[in-house]
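Worksheet: the structure to be examined is printed underneath.
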RNA sequence: GGAGGGAUGGCCGAGUGGACGAAGGCAACGGUCUUGAAAACCGUAGUGGGCUUAUGCUCACCGGGGGUUCGAAUCCCUCUCCCUCCGCCA
């Protein structure tokens with residue numbers, strides 16, 4: 081979510097930024113609703129002030145009334161209370177009259193407050209709804225471009241392009257031949273876009289998960305987290321997945337649970353509604369989770385192999401930082417992911433996203449792509465974003481600066497480290513040998529127990 | 001799944017519908033005292049919104065949402081979470 085003050089003060093600038101994303105947002109309606117909201121607020125608060133004042137007055141009268149009535153009772157019983165029963169009776173009556181009159185008046189104020197509140201509620205609801213649909217604003221450093229075809233491709237790094245003295249096969253042939261991927265039975269169980277890993281295939285994935293977690297915790301200082309795989313819908317709003325990406329989410333039919341499309345959703349909300357100390361920042365988490373996505377938007381695309389499924393596994397890096405350090409953190413996270421690529425002997429490249437391909441929540445984003453020799457494609461194996469305060473506002477995550485105690489929103493960053501099926505594709509296809517066997521990368525051998533899958 | 005009990009400021013913990021943004025304690029911060037520290041004593045302190053900015057004024061917030069009332073931390077409804085007992089269970 082954006083700062084409403086920014087939209088209020090520079091609506092045209094905000095619109096221009098969003099135009100760079102190739103997106104639109106109801107900025108004019110937001111500005112109008114915001115103005116109306118403050119207008120109503122002024123009125124309703126003045127009314128409330130009046131009501132508070134009168135109510136306090138009534139309260140005092142009621143207190144005195146109680147005392148006087150008690151006195152009256154005693155006077156009527158013949159006790160001396162300083163005044164005659166008749167005098168007291170008259171006073172009680174007059175006070176009662178005043179109180180009743182004030183009550184009537186205040187009741188009317190209350191009715192007007194109720195009316196204004198109702199209008200306020202409607203305005204705020206629409207305002208809030210619209211705010212949730214406004215995308216994040218790109219960082220100044222992001223190159224302007226209309227779509228992904230303009231992304232800035234880095235030079236290939238890591239291992240040299242694999243050479244073969246035979247025709248390299250795609251993983252959808254190699255996998256079944258080796259008995260490590262079973263497409264038919266995956267479809268039998270769950271339908272299209274599901275597959276089964278078997279034997280060394282399953283072991284390879286487990287080895288990769290273990291290796292990623294070990295590497296990031298031991299070498300990069302992340303704390304491992306095992307989150308729930310299904311979380312409440314409110315967490316999806318916090319992570320900026322809802323309302324916009326509703327169609328891509330699996331949900332429970334009876335309860336307000338939704339299945340993670342990425343660990344980012346859970347990790348963003350770990351510190352939801354908290355105030356962190358600056359001394360605790362940065363907080364660095366790494367989590368393995370399966371990811372569930374409907375993939376409605378990409379129906380018919382990437383249907384072969386294990387590149388795009390409704391369920392896949394991923395190890396995700398996540399950081400909470402101060403605003404001053406988030407861009408340095410972004411570069412570090414890219415390096416963290418590249419370190420893994422290097423260790424696995426992948427051929428990879430860094431892609432800098434242009435404004436038109438930033439997506440909804442990121443202010444700046446890099447992808448890492450790995451070369452897969454069999455299908456002859458660069459596969460997206462990581463996506464690393466700085467969301468600045470966009471998610472922090474939605475999930476209400478603040479920190480107390482060491483100097484000058486005013487609370488501020490943290491910056492949040494997320495990045496794959498890495499996404500498994502595509503890393504497996506690269507390994508399987510690049511490391512294949514003429515006989516169909518696959519050489520296991522050195523760093524995985526302790527986890528696999530073998531040098532070659534055959 | 002059944003029965004009951006809870007949720008109050010950074011933490012603990014009071015709070016018969018009116019003086020309560022909320023006692024008291026602890027922790028924190030500032031000060032006095034001290035060679036220094038501790039102790040003691042005095043004082044300051046929440047978050048968010050709106051208006052105005054020189055100081056300021058005001059509204060909301062006692063788990064979330066709704067209701068009753070002139071007025072709700074307090075009464076009613078509802079949701080969430082926590083605890084105890086019973087049942088079931090990887």
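In the working numbering, the protein residues as written are 81 to 534. The beta carbon of each residue, even a glycine, is placed where N, CA and C say it ideally should be. These figures come from a predicted structure and were not determined experimentally.
Outcome for residue i when other beta-carbon atoms lying within 10 angstroms are tallied against a minimum of 16
i: residue 218; result: buried
i: residue 351; result: buried
i: residue 377; result: exposed
i: residue 201; result: exposed
i: residue 209; result: exposed
i: residue 339; result: buried
i: residue 306; result: exposed
i: residue 194; result: exposed
i: residue 225; result: buried
i: residue 412; result: buried
i: residue 326; result: exposed
i: residue 132; result: exposed
i: residue 110; result: buried
i: residue 381; result: exposed
i: residue 442; result: buried
i: residue 104; result: exposed
i: residue 321; result: buried
i: residue 406; result: buried
i: residue 136; result: exposed
i: residue 408; result: exposed
i: residue 266; result: buried
Cβ-based neighbour list, residue i, same chain, cut-off 8 Å, excluding 5 preceding and 5 following
i: residue 504; result: 251, 281, 284, 285, 288, 386
i: residue 127; result: 189, 192, 193, 196
i: residue 428; result: 236, 237, 238, 418, 421, 448, 449, 450, 451, 461
i: residue 227; result: 102, 434, 436, 437
i: residue 183; result: 138
i: residue 98; result: 104, 105, 107, 214, 215, 217
i: residue 223; result: 230, 232, 432, 434, 435
Alpha carbon of residue i to alpha carbon of residue j, nearest angstrom
i: residue 129; j: residue 180; result: 19 Å
i: residue 162; j: residue 177; result: 23 Å
i: residue 445; j: residue 435; result: 9 Å
i: residue 525; j: residue 478; result: 43 Å
i: residue 527; j: residue 94; result: 50 Å
i: residue 410; j: residue 493; result: 7 Å
i: residue 118; j: residue 186; result: 23 Å
i: residue 324; j: residue 213; result: 7 Å
i: residue 248; j: residue 279; result: 22 Å
i: residue 206; j: residue 432; result: 35 Å
i: residue 366; j: residue 451; result: 25 Å
i: residue 613; j: residue 221; result: What is shown of the chain runs 81 to 534, which leaves residue 613 out entirely.
i: residue 496; j: residue 112; result: 39 Å
i: residue 101; j: residue 91; result: 16 Å
i: residue 115; j: residue 295; result: 51 Å
i: residue 491; j: residue 243; result: 43 Å
i: residue 523; j: residue 426; result: 12 Å
i: residue 314; j: residue 397; result: 21 Å
i: residue 529; j: residue 487; result: 51 Å
i: residue 150; j: residue 475; result: 55 Å
i: residue 538; j: residue 521; result: Given a span of 81 to 534 for the chain in the structure shown, any question on residue 538 remains unanswerable.
i: residue 55; j: residue 331; result: Not covered by the structure: residue 55. The range shown for the chain is 81 to 534.
i: residue 148; j: residue 134; result: 21 Å
i: residue 379; j: residue 264; result: 19 Å
i: residue 290; j: residue 299; result: 14 Å
Contact under 8 Å by Cβ, residue i with residue j
i: residue 461; j: residue 449; result: yes
i: residue 341; j: residue 329; result: yes
i: residue 152; j: residue 165; result: yes
i: residue 372; j: residue 215; result: no
i: residue 516; j: residue 254; result: yes
i: residue 533; j: residue 258; result: yes
i: residue 480; j: residue 357; result: yes
i: residue 454; j: residue 273; result: no
i: residue 362; j: residue 400; result: yes
i: residue 500; j: residue 392; result: yes
i: residue 155; j: residue 168; result: yes
i: residue 84; j: residue 203; result: no
Own chain residues within Cβ distance below 7 Å of residue i, not counting five before or after
i: residue 498; result: 292, 395, 417, 420, 461, 462
i: residue 124; result: 193, 196, 197, 200
i: residue 513; result: 519
i: residue 364; result: 301, 302, 303, 399
Contact test: residue i Cβ vs the ligand GTP heavy atom, cutoff 7 Å
i: residue 107; result: The ligand GTP is absent from the structure shown, which contains no ligands of any kind.
Own chain, CB closer than 6 Å to residue i, minus 5 neighbours either side, in chain order
i: residue 311; result: 346
i: residue 510; result: 242, 453
Report the start-end ranges of each alpha helix (DSSP H) in the region 304–369 that is 4 residues or longer and not cut off at the edges.
313–318, 343–348
Item checked: Runs of alpha helix (DSSP H) wholly within the region 386–442 (minimum 4 residues, chain order) -> 406–424
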